[in-house]
Amino acid sequence: MSAPGERTEEEATAALEEREWQPRTRVGRMVKEGRIKSIDEIFRRNLPLLEPEIVDYLLPDLKHEVIDTTIVQKMTDAGRITRFRVVVVVGNMDGYVGLGKGKARQYRFAVEKALRNAKLNIVPVRRGCGSWECTCGEAHSVPFTVRGKSGSVEVILKPAPKGTGLVAGDVAKVVLRYAGISDVWSFTKGETRTSYNFARATYLALRNTYRFVTPMDWGRLVLPRRS
Ligand SMILES: [Zn+2]
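Be aware that the sequence shown starts at 65, since it is given in this note's numbering, and climbs by one per residue.
What follows is the structure, encoded as structure tokens:
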């Protein structure tokens with residue numbers, strides 16, 4: 065309970081959000097001053113992305129979704145403490161995806177923390193046609209087979225022809241959709257009931273689409289546009 069005239073935690077947070085972004089890093093300042101104009105530039109130049117506001121600035125059409133919520137209860141001297149653990153996926157549905165986890169006593173703050181972490185974890189996803197059964201040449205699938213592993217879960221993504229859809233579990237489907245992949249075959253090993261590991265293995269597989277590229281390729285690569 066707050067005394068009259070005193071601001072609640074929510075109000076204080078809202079006030080903070082309204083305040084203009086004051087960058088704390090060199091890259092943040094460059095973004096705010098307009099010297100970095102696209103998110104591609106951050107990745108092409110291998111610059112550190114340490115402020116979520118950089119992503120807000122460069123990808124204003126970013127969307128997010130809570131993919132898992134767990135209520136964690138703990139007994140302490142003061143009694144039972146309930147905390148929310150939330151997993152959030154972010155993406156522009158067009159080649160950029162991020163995943164983050166957040167924990168707090170209030171659901172809203174857990175979501176905010178997870179969202180912040182997801183933005184800091186955003187990565188470009190290399191897309192392609194990739195399937196010899198399909199010769200459309202459009203960027204609708206993964207360009208080649210990629211793998212990702214988190215905890216006991218391993219996800220393998222294979223290029224699929226146009227019209228296949230996302231042949232994957234529900235959690236993986238959300239991550240793939242946020243990345244802008246519309247056709248893929250997936251194979252999963254391990255305990256996929258753990259949503260976080262399932263989502264993270266999918267995210268890591270997508271991140272690996274750029275792992276097999278040598279630095280020399282960077283100049284020639286067509287990165288996803290900000291649209
Ligand atoms: Zn195709």
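We put the beta carbon where it would ideally sit given N, CA and C, even for glycine.
Fair warning: this is a prediction, and the values are worked out from it, not measured in the lab.
Look up LEU126 in the DSSP assignment and say whether it is helix, strand or coil. coil
Is it the case that the CB of SER195 approaches a heavy atom of ligand 1 more closely than 7 Å? yes
Ligand 2 heavy atoms versus the CB of HIS128: any closer than 7 Å? Ligand 2 is absent from the structure shown, which contains only ligand 1.
Is the Cβ-Cβ distance between VAL231 and VAL248 less than 8 Å? yes
Considering only their Cβ atoms, is the gap separating ALA174 from GLY164 smaller than 8 Å? no
State the Cα-Cα distance for the pair ASN272 and ALA243, rounded to the nearest angstrom. 13 Å
Assign THR112 to buried or exposed, taking buried as 16 or more other Cβ atoms, counted over all protein chains shown, within 10 Å of its Cβ. Sequence check: residue 112 is Pro here, not Thr. It counts as exposed.
Same chain, Cβ closer than 8 Å to GLU202, neighbours up to 5 away in sequence not counted: CYS193 and LYS226
Give every residue of the same chain whose Cβ lies closer than 6 Å to the Cβ of TYR171, excluding the five residues on either side of it in the sequence, and list them in chain order. PHE148
Check whether the region 86-100 and the region 118-136 touch, using three or more Cβ-Cβ pairs below 8 Å as the test. yes
Helix, strand or coil: how does DSSP classify THR140 here? strand
Taking only the alpha-carbon atoms, compute the straight-line gap between SER66 and GLU105 and give it to the nearest angstrom. Reliability of the predicted coordinates at SER66 is poor, the pLDDT of 42 falling under 50, and the value obtained from them is presented with this limitation in mind. Roughly 46 Å separates the two Cα atoms.
Quick check: is any heavy atom of ligand 1 less than 7 Å from the C-beta of GLU292? The structure shown does not extend to residue 292, since the chain is modelled only from 65 through 291, so no value can be given for it.
THR140 versus ASN181: straight-line alpha-carbon distance, rounded: 28 Å
Would you kindly report the start and end of the unbroken alpha helix (DSSP H) that includes THR252? Careful: THR252 lies outside any alpha helix (DSSP H), inside the beta strand (DSSP E) at 248-253.
Three-state secondary structure assigned by DSSP to THR273: helix
Do you know whose CA, among LEU114, SER195 and VAL210, lies nearest HIS204's CA? SER195
Tell me whether the beta-carbon of PRO116 lies closer than 8 Å to the beta-carbon of LYS183. yes
Quick one: grab the DSSP three-state call for ALA224. coil
Go to ALA243, then tell me how far its alpha helix (DSSP H) extends in each direction, as first and last residue. 234-243
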